Amino acid sequence: MTIKGKESAPHDTPFIWHGHKVFGVTGWKNSGKTTLVTRLIADLSGRGYRISSVKHAHHACDIDKPGTDSFRHREAGSREVALVAAGTRWALMHECRDAGDEEPFLGDILPRFSPCDLVVVEGYKNEAFPKLEVRRADAKDQTPLSPDDNNIVAIASETIGAMANPHNLPEFQLDQVRKIADFIINRMQLPPIGK
Numbered sequence: 749m750t751i752k753g754k755e756s757a758p759h760d761t762p763f764i765w766h767g768h769k770v771f772g773v774t775g776w777k778n779s780g781k782t783t784l785v786t787r788l789i790a791d792l793s794g795r796g797y798r799i800s801s802v803k804h805a806h807h808a809c810d811i812d813k814p815g816t817d818s819f820r821h822r823e824a825g826s827r828e829v830a831l832v833a834a835g836t837r838w839a840l841m842h843e844c845r846d847a848g849d850e851e852p853f854l855g856d857i858l859p860r861f862s863p864c865d866l867v868v869v870e871g872y873k874n875e876a877f878p879k880l881e882v883r884r885a886d887a888k889d890q891t892p893l894s895p896d897d898n899n900i901v902a903i904a905s906e907t908i909g910a911m912a913n914p915h916n917l918p919e920f921q922l923d924q925v926r927k928i929a930d931f932i933i934n935r936m937q938l939p940p941i942g943k
């Protein structure tokens with residue numbers, strides 16, 4: 749399948765894009781993506797892997813607070829504001845202010861990341877990189893994504909075998925975080941840590 753002009757990655761090699769190994773979690777609204785992603789990040793980073801992540805939102809959101817200095821810089825018209833917090837963290841916020849200033853594709857974001865072992869992506873379901881599909885009965889839509897997306901390499905759901913799996917992809921229960929993390933480590937050929 750071709751998505752956004754990119755062929756799907758071979759299922760036996762790790763997907764490296766802009767110098768980073770990339771693995772995604774996709775699914776419909778309320779399928780449990782964020783819960784699974786945060787649990788996977790905790791598991792993988794707890795094992796010693798350096799994990800970075802991307803969250804693609806389909807709605808407007810603000811990571812800044814009204815009244816802060818950085819918020820006032822943006823409000824005054826600054827196109828980009830870097831907030832550096834005394835050795836604890838920093839963030840670069842980009843405002844889409846100009847005509848034609850569109851949201852970036854994942855490939856536009858990845859070069860900005862520091863070196864890491866894996867970038868875990870939540871969302872960007874229309875871009876071509878290996879993904880795990882999350883399915884849950886409470887999801888906004890119950891239509892399986894994997895039949896139409898060859899980039900989906902596994903499925904996590906409340907009950908294994910409860911939904912269509914025409915490609916016979918590996919299936920996990922949503923609470924099998926350790927097994928899912930092991931699958932990602934193998935699929936992405938991450939090096940052993942501490943051995």
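Residue numbers (the numbering used here): 749 to 943. Heads up, the beta-carbon is just placed ideally off N, CA and C, and yes, glycines get one too. The structure displayed is predicted, hence computed values, not measured ones.
Spatially closest choice to T816 from V832, S801 and A790, by CA coordinates:
Nearest to T816 by C-alpha distance, out of V832, S801 and A790, is V832.
Measure the CB-CB distance between P878 and R935 and report whether it falls below 8 Å.
Against a cut-off of 8 Å, the Cβ pair of R935 and P878 comes out as a contact.
Taking only three categories from DSSP, how would you classify E823?
Residue state, collapsed to three classes: helix.
E881 (DSSP reduced to helix, strand or coil):
If DSSP states are grouped into helix, strand and coil, E881 belongs with the strands.
In the DSSP assignment, find the unbroken alpha helix (DSSP H) run with T782 in it and report its ends.
It spans K781 to G794 - the alpha helix (DSSP H) in which T782 sits, taken as one unbroken run.
Going by C-alpha distance, which of S818, V869 and V882 is nearest A839?
Ranked by Cα distance from A839, the first of S818, V869 and V882 is S818.
Are P892 and R884 closer than 8 Å when you measure CB to CB?
Not in contact: P892 and R884 (Cβ atoms no closer than 8 Å).
Straight-line Cα distance separating R822 from D846
Approximately 14 Å, taken between the alpha carbons.
Of the residues W776, S800 and G796, which one's Cα is nearest the Cα of V770?
Per the C-alpha coordinates, the member of W776, S800 and G796 positioned closest to V770 is S800.
So, is K752 buried or exposed, given that buried needs 16 or more other C-beta atoms within 10 angstroms?
Residue confidence is low: K752 scores 39 on pLDDT, short of 50, so the model does not pin down where it sits. No coordinate-derived value is stated.
Hey, how far is the Cα of A824 from the Cα of P895?
So the two alpha carbons sit approximately 47 Å from each other.
Assign G855 to one of three DSSP states: helix, strand, or coil.
Reduced to three states, the DSSP call for G855 is helix.
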